[in-house]
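Here the sequence shown stands for residues 20 to 834, where the numbers follow the numbering used here.
The structure appears right after this line, and notes come after that.
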Amino acid sequence: MEPSAATGTPGPIWIRVATEGTPVHLDGGVLTYAAPKGDVPSRGQLIRVPLRNRLVLGFVVGFTHEKPEFATRPISDPISPTFILTETQFDIATRMAHETVSSFFGCAALFLPPGRRWKAIDVYTLNPDFDLASATFTAAQRQVMSELEIEEELTLDALRQRTGRKLTGVLADLVKIGAIHRWQRPENALPKARMVKVIRLRNPDAPLAATARRQHAVLAAIVEASKESDHPDDVIPLTTIQAMTDVPSGVLDALAKKGAILVEELPAHKAPQPRASRIPTLSPPQQKVWREVEEALKSGDTKPHLLFGVTGSGKTEIYLRAVAWCLRHQRTALILVPEIALATQVVRRFIDRFPGRVDVLHSQMTDSQRYDLWTRIDAGEVDVVVGPRSALFAPIKRLGLIVIDEEHDSSFKQDNDPRYHARAVAEQLATLSGAVVIMGSATPSIETMWRAQAGEMHLLELSHRVSPHMADGAPLGLPEVRIVDLRAELRAGNNDLISRELQTQIERSLSAQEQAIVLLNRRGMSTVVLCRDNGHRISCPNCDIPMVYHADMRLMICHRCDHRTPPPQRCPECDSRLDYLGAGTQRVEESVRNIWPEARVMRWDADAVRQFGYQTMLDRAEDHAVDIIVGTQMVSKGFDLPRVTTIGVIQADSMLYLPDFRSSERTFQLLTQVAGRAGRRTSGSVVVFQTYTPGHYAVRAASKHDYPGFYAEEVGFRERFRFPPFHRLARFVYKGDDERETAIEAEMLARALSLHAYRKHIEMEILGPSPAFVARIRNQYQWQLVVRTLQMEEFLDGMPIRPGWVIDIDPESML
Numbered sequence: 020m021e022p023s024a025a026t027g028t029p030g031p032i033w034i035r036v037a038t039e040g041t042p043v044h045l046d047g048g049v050l051t052y053a054a055p056k057g058d059v060p061s062r063g064q065l066i067r068v069p070l071r072n073r074l075v076l077g078f079v080v081g082f083t084h085e086k087p088e089f090a091t092r093p094i095s096d097p098i099s100p101t102f103i104l105t106e107t108q109f110d111i112a113t114r115m116a117h118e119t120v121s122s123f124f125g126c127a128a129l130f131l132p133p134g135r136r137w138k139a140i141d142v143y144t145l146n147p148d149f150d151l152a153s154a155t156f157t158a159a160q161r162q163v164m165s166e167l168e169i170e171e172e173l174t175l176d177a178l179r180q181r182t183g184r185k186l187t188g189v190l191a192d193l194v195k196i197g198a199i200h201r202w203q204r205p206e207n208a209l210p211k212a213r214m215v216k217v218i219r220l221r222n223p224d225a226p227l228a229a230t231a232r233r234q235h236a237v238l239a240a241i242v243e244a245s246k247e248s249d250h251p252d253d254v255i256p257l258t259t260i261q262a263m264t265d266v267p268s269g270v271l272d273a274l275a276k277k278g279a280i281l282v283e284e285l286p287a288h289k290a291p292q293p294r295a296s297r298i299p300t301l302s303p304p305q306q307k308v309w310r311e312v313e314e315a316l317k318s319g320d321t322k323p324h325l326l327f328g329v330t331g332s333g334k335t336e337i338y339l340r341a342v343a344w345c346l347r348h349q350r351t352a353l354i355l356v357p358e359i360a361l362a363t364q365v366v367r368r369f370i371d372r373f374p375g376r377v378d379v380l381h382s383q384m385t386d387s388q389r390y391d392l393w394t395r396i397d398a399g400e401v402d403v404v405v406g407p408r409s410a411l412f413a414p415i416k417r418l419g420l421i422v423i424d425e426e427h428d429s430s431f432k433q434d435n436d437p438r439y440h441a442r443a444v445a446e447q448l449a450t451l452s453g454a455v456v457i458m459g460s461a462t463p464s465i466e467t468m469w470r471a472q473a474g475e476m477h478l479l480e481l482s483h484r485v486s487p488h489m490a491d492g493a494p495l496g497l498p499e500v501r502i503v504d505l506r507a508e509l510r511a512g513n514n515d516l517i518s519r520e521l522q523t524q525i526e527r528s529l530s531a532q533e534q535a536i537v538l539l540n541r542r543g544m545s546t547v548v549l550c551r552d553n554g555h556r557i558s559c560p561n562c563d564i565p566m567v568y569h570a571d572m573r574l575m576i577c578h579r580c581d582h583r584t585p586p587p588q589r590c591p592e593c594d595s596r597l598d599y600l601g602a603g604t605q606r607v608e609e610s611v612r613n614i615w616p617e618a619r620v621m622r623w624d625a626d627a628v629r630q631f632g633y634q635t636m637l638d639r640a641e642d643h644a645v646d647i648i649v650g651t652q653m654v655s656k657g658f659d660l661p662r663v664t665t666i667g668v669i670q671a672d673s674m675l676y677l678p679d680f681r682s683s684e685r686t687f688q689l690l691t692q693v694a695g696r697a698g699r700r701t702s703g704s705v706v707v708f709q710t711y712t713p714g715h716y717a718v719r720a721a722s723k724h725d726y727p728g729f730y731a732e733e734v735g736f737r738e739r740f741r742f743p744p745f746h747r748l749a750r751f752v753y754k755g756d757d758e759r760e761t762a763i764e765a766e767m768l769a770r771a772l773s774l775h776a777y778r779k780h781i782e783m784e785i786l787g788p789s790p791a792f793v794a795r796i797r798n799q800y801q802w803q804l805v806v807r808t809l810q811m812e813e814f815l816d817g818m819p820i821r822p823g824w825v826i827d828i829d830p831e832s833m834l
C-alpha cells in the first residue's frame with residue numbers, strides 16, 4: 020500500500036500519479052514522477068504531468084521514498100483552481116477501479132466538474148537561437164514565421180485563421196528543424212452560468228395608447244401573474260407570460276420603453292418556481308412501508324432497501340415522503356432514474372412537490388448549464404438532485420437518501436470504461452455518507468431480489484395498485500392479460516400483424532374515446548431483406564448483421580454502425596426479386612393505419628424521437644392528440660397515460676431465444692412493465708400478448724402479473740446452469756482487423772487466465788473463446804470468452820491483463 024501523504028519520512032520523495040490515457044495493463048495506469056521543488060500536491064489532487072511530448076492530466080494516488088530504477092520527470096505546474104478528491108470520492112474511485120478492472124484516472128475523472136476544460140492547448144513561438152539565414156522555407160512556412168514574429172505566440176487555431184491554411188505537417192516540420200517551439204498552455208476556461216429572462220412589473224398604470232390592444236392585454240396578464248408570484252422580488256418568468264399571451268418580443272419592448280415593465284436576466288436557479296403540489300393520503304400498505312423507511316432514516320440504517328411494488332402501487336409517493344423527511348432534517352437527496360428523457364412524468368412529480376428545491380441533471384444540458392449546477396451542488400445550494408447514473412458523482416453534501424427507481428433497468432450499468440453499476444456505487448456512497456438507499460421496481464433484477472431474500476437488503480412490498488383519484492388510495496386492479504397463440508391465428512387464416520383479439524380490444528378503446536398502445540421491439544419497416552431464390556440476405560458490409568429497411572427514408576440502415584445505403588432493386592447475387600420480411604415499427608404503423616384509417620396514429624421509436632423530440636410526443640399523448648401509439652420498448656418506460664385501456668404486444672417472445680442468460684428475465688420485465696401502462700386510473704383495461712410460445716414461463720408469469728412465480732422458475736434455471744446470483748461472470752471481448760490473429764489472441768488470454776487461476780487455487784470455468792454474438796462490427800472481428808467463478812474477488816487480484824481487451828465484470832448482457 021502506497022503512503023497516502025507526503026509528510027513524515029525526510030528525504031527525496033516521488034509521486035505516484037494515475038494518468039489520463041495510460042492503459043490499465045501498465046501498472047494499473049499509474050506512473051512515477053519526481054516531486055516539485057515547491058509544495059508537494061495532496062493525495063487525490065488533479066495535476067498535469069509530462070508524458071512523452073505532451074502534458075496530460077493525472078490524479079495523485081500516493082508517494083514513495085524509494086528511488087525508482089529509471090529516470091523520472093517532475094510534475095508540471097499545479098492546476099488552478101485546485102481540484103482534490105474528497106476521501107469518499109477517492110475511496111469510491113479506488114474500489115471501482117479494482118472491481119471494474121479500470122484505471123484509477125478513468126474512475127476518478129467521473130467526479131470532475133462537467134463542462135470544465137482542464138485540457139492543455141498547443142502554443143507555438145519562434146526559437147530565438149535558430150539560424151534563419153541558413154534555412155530554406157516553403158511559402159507556408161514563411162507565412163507561419165512571419166505571423167509568429169508579429170504576435171510572439173499563437174495557438175494552432177489562431178495560426179490557421181491568420182494564414183488561411185490547414186498547416187497539416189507545416190508546423191511539425193518547423194518544430195522538427197528547430198525553427199519554432201511547441202509547448203502546451205493550460206486551458207482552464209469556465210463555462211458561463213445559465214441565465215433566464217424575467218419580467219418585473221414597474222408601473223401598472225403606465226400610459227398606453229388606446230389602440231395598442233396587444234400592449235393592454237399583455238400588461239393585464241403581467242399584473243395578474245404578479246399577484247400570484249411567490250418570488251421575493253415579484254418577478255415572473257418570460258416563458259410564463261409567453262404561454263399566457265403568445266406575445267411577440269416587440270410588445271414587451273414597447274412596454275419596457277414606456278416604463279410599464281422591466282425585462283432582465285437572473286441566474287436560472289434564482290428564477291421563480293411553481294407552487295407545491297398537494298400531498299395525497301397513503302393507502303394502508305403504503306403507510307406500513309413508509310413507517311419502515313422513516314425508521315431507517317431516523318436511525319441512519321445504511322442497509323439497502325428493496326421496494327418491490329406492482330406497477331401503479333405508489334412507490335413514487337414513498338420516495339417523495341422520504342425526500343420530504345430529508346429536507347425537514349437538513350439532509351439532501353439523490354434520485355436516480357434510468358433515462359431522464361424516458362422518466363419525464365416521474366421527474367415532474369418531484370419538481371411539483373418540491374418547487375425550487377429540485378435540480379435535474381441530463382444529457383441535453385449545455386456545458387455551462389452542467390457546470391453551473393455542479394458548482395451550486397458543490398456549494399451546498401441544491402437539496403434534491405434527479406438524474407441518470409452519472410448523477411452519483413455530483414458533489415452532494417449532507418446526503419441522506421439515494422433512490423434508484425426502476426433498479427432493474429440495464430442502463431444503470433455503464434457500457435464503456437469504467438463499466439460500473441449504479442447499484443454498487445450507490446451502496447458504497449450511502450455507507451460512506453450515512454444515507455439510506457431505496458431501490459424500487461415492479462420487476463426487480465434476479466440478483467437484487469436474491470439479496471433481499473437472503474437478508475442482505477430490507478424487503479418492502481406494495482402488492483396492490485392505488486389510484487390518485489380515489490379518496491383514500493383504495494386498491495385498483497391490474498389489467499387483464501390475454502394470450503394469443505399466433506400459430507392458431509395463422510391456422511385460422513389471419514396473416515395480419517394485428518391478431519383478431521387485439522383488433523377487437525383496440526376497437527373497444529377507440530369507440531370509448533380512449534387510447535391504445537401497440538408495442539413491437541424493433542425499429543424500421545422490414546427486419547430482413549432476402550432473396551427467396553438463393554437465400555442471400557442484405558447485410559451490413561461492415562458488420563455481420565442484416566440491415567433494416569426504413570420506408571420513410573427509403574434506406575437500408577445498420578443499427579450497429581449506422582451504415583446507410585439505398586435498397587438494391589434486385590438480388591446482387593442472382594438478379595432475382597428481393598422480399599422484405601419481418602416487421603418493424605414502421606410496418607406495424609402501416610398496418611394499424613390500414614385497419615383504422617380514421618384513427619390518429621403516432622409511431623414512437625428512436626427514429627421518431629430524434630425527429631420530433633420526446634417531450635413533444637409525450638405532450639401529444641397526454642393531450643389525447645393521438646388515439647394509437649405504435650412503439651418499441653421505449654413506450655414501456657415512464658408512461659402514465661390515464662386514457663390507455665388497451666395494450667398489444669405484437670411478438671411477446673422476440674427476445675426469448677437470444678443467446679443470453681438474461682433473455683427470459685428481460686422478456687418478463689418488458690411484458691410486465693408495458694402491461695403496467697394500462698388501466699392506471701380505471702378498471703376494465705385489457706392487455707394482449709401475441710406469441711408463438713404461449714407456454715413459456717416468462718410469458719405465462721407476465722400474463723398473471725406473477726413476479727414470485729417467475730422468480731422461482733428463473734432462480735431454478737440460474738442455479739442449475741451456474742449463472743448469477745449463484746456464480747459471478749466476467750466477459751472478455753477482443754476486436755481485431757484480422758480474424759485469425761483475433762482468434763489467436765483470444766486463445767492466448769484463455770491460457771493466461773487458466774494459469775492464473777491454477778496458481779491461486781481458484782475454481783473457475785472458461786466459456787469459449789469463440790466469436791462474439793455479432794462476430795464483426797465496423798470491419799473488426801470480435802472474439803470473446805467468459806469466466807465463471809465463485810471467487811471473483813480473488814480472481815481479479817493480480818489477474819493478467821493483455822492490451823486491447825474489453826473487460827466487463829458482472830455483465831448485463833452477453834451479446
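Every residue, glycine too, gets a C-beta built ideally from N, C-alpha and C.
On a predicted model such as this, the values are computed, not experimentally measured, just so you know.
How many angstroms separate the CA atom of F109 from the CA atom of F124?
Within the sequence shown, residue 109 is the residue found at index 90, counting from 1. Within the sequence shown, residue 124 is the residue found at index 105, counting from 1. If you take the alpha carbons of F109 and F124, they lie about 11 angstroms apart.
How far does the beta strand (DSSP E) with H775 in it extend, from its first residue to its last?
By one-based count along the sequence shown, residue 775 stands at place 756. H775 -> not in any beta strand (DSSP E); alpha helix (DSSP H) instead, spanning E758 to R778.
Would DSSP call T710 helix, strand or coil?
As a working note, residue 710 is residue 691 in the sequence shown. Three-state result, T710: strand.
Using DSSP bridges, identify the partner residues of T144.
Locating residue 144 in the sequence shown gives position 125, counting from the first residue. Answer is E172 and H200, bridged to T144.
Cβ-based burial, H84 [other Cβ within 10 Å; buried from 16]:
Residue numbering aside, residue 84 sits at position 65 when the sequence shown is read from its first letter. Burial call: exposed.
From G603 to Q652, what does the alpha carbon distance come to, in whole angstroms?
Mapped onto the sequence shown, residue 603 falls at position 584. Mapped onto the sequence shown, residue 652 falls at position 633. When rounded, the distance between both Cα atoms is 12 angstroms.
The alpha helix (DSSP H) enclosing V611, as first and last residue numbers
The residue given as residue 611 occupies position 592 in the sequence shown. Note, V611: alpha helix (DSSP H), T604 to I614.
What is the rounded straight-line gap between the Cα of I421 and the Cα of E314?
Here residue 421 corresponds to residue number 402 of the sequence shown, with the count starting at 1. Here residue 314 corresponds to residue number 295 of the sequence shown, with the count starting at 1. Rounded to whole angstroms, the gap between the alpha carbons of I421 and E314 is 16 angstroms.
Mind checking T761: buried by the 16 CB within 10 Å criterion, or exposed?
Walking along the sequence shown from the start, residue 761 turns up at place 742. Result: buried.
For the region 456-468 against the region 723-739, do three or more pairs of beta-carbon atoms, one drawn from each stretch, fall closer than 8 angstroms, so that the two count as touching?
yes
Report the CB separation of A749 from I826 in whole angstroms; it is logged as a contact under 8 angstroms.
The residue given as residue 749 occupies position 730 in the sequence shown. The residue given as residue 826 occupies position 807 in the sequence shown. Their Cβ separation, rounded to whole angstroms, is 7 angstroms, which keeps A749 and I826 in contact under 8 angstroms.
Three-state secondary structure (DSSP) at V621?
Residue mapping note: residue 621 aligns to position 602 of the sequence shown, counting from 1. Strictly speaking, residue 621 in this sequence is Met, with Val absent from that position. Of the three classes helix, strand and coil, the one that applies to M621 here is strand, per DSSP.
For I196, does the count of other Cβ atoms within 10 angstroms reach 16, so buried, or fall short, so exposed?
By 1-based counting over the sequence shown, the position of residue 196 is 177. By the 10 Å Cβ count, I196 comes out exposed.
Please return the same chain residues whose Cβ sits closer than 6 angstroms to the Cβ of P743, not counting the five positions on each side in sequence.
The residue you call residue 743 lines up with position 724 of the sequence shown. So the qualifying residues of the chain are E466.
Buried or exposed: M20, going by 16 or more other Cβ atoms within 10 Å of its Cβ?
As a first step, residue 20 is located in the sequence shown; it is residue number 1 there, counting from the start. Here the model assigns M20 a pLDDT of 41, short of 50, so the residue's position is not dependable, and the following value carries that caveat. With fewer than 16 other Cβ atoms within 10 Å, it is exposed.
When the Cα atoms are used, what is the spatial distance from R201 to I66?
Here residue 201 refers to the residue found at position 182 when the sequence shown is read from its first residue. Here residue 66 refers to the residue found at position 47 when the sequence shown is read from its first residue. For the pair R201 and I66, the Cα-to-Cα distance works out to about 20 angstroms.
Exposure label - I400; buried when at least 16 CB within 10 Å
Translated into the one-based positions of the sequence shown, residue 400 becomes position 381. Sequence inspection shows Glu at residue 400; the Ile mentioned does not correspond to that position. Counting Cβ neighbours within 10 Å, E400 comes out exposed, since fewer than 16 surround it.
Between L478 and F687, which are expected to be in contact by the criterion C-beta below 8 angstroms, what is the C-beta distance as a whole number of angstroms?
The residue labelled residue 478 in the question sits at position 459 within the sequence shown. The residue labelled residue 687 in the question sits at position 668 within the sequence shown. Not a contact, Cβ separation roughly 19 angstroms.
The beta strand (DSSP E) spanning T858 covers which residue range?
Nothing about residue 858 can be read from this structure; the chain reaches only from 20 to 834.
Which of the three DSSP states, helix, strand or coil, is assigned to F109?
Counting from one through the sequence shown, the residue named residue 109 turns up at place 90. The three-state secondary structure of F109, taken from DSSP, is helix.
Between L167 and the rest of its own chain, which residues show a CB-CB distance below 7 angstroms, the 5 nearest in sequence each way excluded?
For the purposes of this step, residue 167 is taken as the residue at position 148 of the sequence shown. So the list reads Y143, T144, L145, L173 and I199, once near-sequence residues are dropped.
Span of the beta strand (DSSP E), counted from its first residue to its last, around M783:
Looking up residue 783 in the sequence shown gives position 764. First-last of the beta strand (DSSP E) with M783: M783 to I796.
Within 7 angstroms, strictly: CB atoms of S610 and L516
On the sequence shown, residue 610 is found 591 positions in, with the first residue counted as 1. On the sequence shown, residue 516 is found 497 positions in, with the first residue counted as 1. Yes, Cβ-Cβ distance for S610 and L516 is below 7 angstroms.
Give the range of the alpha helix (DSSP H) segment to which I370 is assigned.
If you number the sequence shown from 1, residue 370 lands on position 351. Residues T363 to R372.
In angstroms with no decimal places, state the Cα-to-Cα distance between P837 and R92.
Nothing about residue 837 can be reported from this structure: the residues present for the chain run from 20 to 834 only.
Please say whether I111 and Q447 have beta carbons closer to each other than 7 angstroms?
Working through the sequence shown from its first residue, we reach residue 447 at position 428. Working through the sequence shown from its first residue, we reach residue 111 at position 92. Going by C-beta atoms, Q447 is nearer than 7 angstroms to I111.
Do V503 and E480 have their beta-carbon atoms positioned less than 7 angstroms apart in this structure?
Here residue 480 refers to the residue found at position 461 when the sequence shown is read from its first residue. Here residue 503 refers to the residue found at position 484 when the sequence shown is read from its first residue. In this structure, V503 does not lie closer than 7 angstroms to E480 by Cβ.
Can you round the beta-carbon distance between L6 and R589 to whole angstroms, since I take them to be within the 8 angstroms contact cut?
Outside the displayed span of the chain (20 to 834) sits residue 6, for which this structure offers no information.
Identify which residue in I828, L355, S528 and H724 has its Cα closest to the Cα of L809.
Translated into positions along the sequence shown, residue 809 becomes position 790. Here the closest residue by C-alpha is I828.
Going by alpha carbons, who is nearest to A13 out of G183, R350 and L129?
Examination of residue 13 is not possible in this model, given that the chain is present from 20 through 834 alone.
How would you call L355, buried or exposed, if buried means at least 16 neighbouring beta carbons within 10 angstroms?
Numbered from its first residue, the sequence shown carries residue 355 at position 336. So L355 counts as buried.
Restricting to runs no shorter than 3 residues, where is the beta strand (DSSP E) found entirely within the region 656-686?
663-668
Which partner residues does S558 have in the DSSP bridge list?
In the sequence shown, the residue the question calls residue 558 occupies position 539. Looking at the DSSP assignment, S558 forms a beta bridge with P565.
CA-CA distance, V59 and I280?
For the purposes of this step, residue 59 is taken as the residue at position 40 of the sequence shown. For the purposes of this step, residue 280 is taken as the residue at position 261 of the sequence shown. For V59 and I280, the distance between alpha carbons rounds to 56 angstroms.
Could you tell me the alpha carbon to alpha carbon distance between A490 and S302, rounded to whole angstroms?
Locating residue 490 in the sequence shown gives position 471, where the first residue counts as 1. Locating residue 302 in the sequence shown gives position 283, where the first residue counts as 1. The pLDDT assigned to A490 is 41, lower than 50, so where the model puts this residue is not dependable, and the model offers no usable value.
3 or more residues per run - each beta strand (DSSP E) lying fully within the region 468-515:
Counting only unbroken stretches of 3 or more residues, the beta strand (DSSP E) elements lying wholly within the region 468-515 are 477-481 and 499-504, in sequence order.
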